[in-house]
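Just below is one structure, and these are the notes that go with it.
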Amino acid sequence: MVQEGRPQEKGVCWCLRLWCVAVISMALLSVCFIVSCVVTYHFTHGKIDKRLSELHVYHSGLTCFSEGTRVTNFIVQQLNESLSYFLGLSDPQGNGNWQWIDQTPFKKNVRFWHPNEPNFPAEQCGSIVFWKPGGWGWNDVFCGTKRNSICEMKKIYL
């Protein structure tokens, strides 16, 4: 009688191992999908100045705000209309030569600026801000002001 119970125990053990392998495989596949397939945006909570925003971008392995229309439309749905956000865009010499802090080329034909912006050479940082009635758009601002920031997390492939 004792021998009849032993084969069942081996079957249960084998079944448990199979389930463990299946669960671990699904967990790994889920992690791979999340890490490699999804672009994630990081929004800072709390205002920081431009220098701290750039340091945060550099040390976190993030890139700057993207110029794509679909991406911009997605991002503004996540933002608080009462706040403005650094974009990682600057004009260090105040001569109209805007550049991204991650060295991504800036396209001069970009049309996300609010009307008549950029308008003041001393305002050398770019931000996204909600204006009534125009909605969301880019604005040049003083770099020393404190604002939230938006960064895109780089894709990681496993």
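Sequential numbering of the sequence shown, starting at 1, is according to UniProt numbering. Note that beta-carbon positions come from the ideal geometry of N, C-alpha and C, so glycine has one too.
Self-check item: Beta-carbon proximity list for residue 81, same chain, < 6 Å, skipping 5 on both sides
Solution: 130
Quiz item: When the Cα atoms are used, what is the spatial distance from residue 76 to residue 113?
Solution: 14 Å
Quiz item: Considering only the beta carbon of each residue, do residue 150 and residue 128 sit closer than 9 Å?
Solution: yes
Quiz prompt | From 88, 120 and 104, residue whose alpha carbon lies closest to that of residue 96 | solution = Of the listed residues, the one whose Cα sits closest to residue 96 is 120.
Quiz item: In chain order, which beta strand (DSSP E) runs of at least 3 residues are fully inside the UniProt domain "C-type lectin" (73-152)?
Solution: Correct list: 85-90, 125-131 and 135-141.
Exercise. Please name the residue, chosen from 145, 79 and 139, that lies closest to residue 110 on a Cα-to-Cα basis.
Key: The shortest C-alpha separation from residue 110 is found at 139.
Quiz item: Taking residue 145 as the reference, which of 137, 133 and 123 has the closest Cα?
Solution: 123
Quiz prompt | Candidates 85, 126, 115 and 108, of which the one nearest residue 133 by Cα | solution = 115
Self-check item: Buried or exposed (CB count within 10 angstroms, at least 16 for buried), residue 88
Solution: Flag for residue 88 reads buried.
Practice problem: Measuring alpha carbon to alpha carbon, tell me which of 90, 117, 94 and 118 ends up nearest residue 105. | Solution: 90
Self-check item: Neighbourhood of residue 78 by C-beta distance below 6 Å, restricted to the same chain and skipping five residues each side
Solution: Excluding positions up to five away in sequence, the list is empty.
Quiz item: Using CA coordinates, which residue listed in 136, 20, 93 and 86 is at the minimum distance from residue 147?
Solution: Measuring C-alpha to C-alpha distances from residue 147 to each of 136, 20, 93 and 86 identifies 86 as the nearest.
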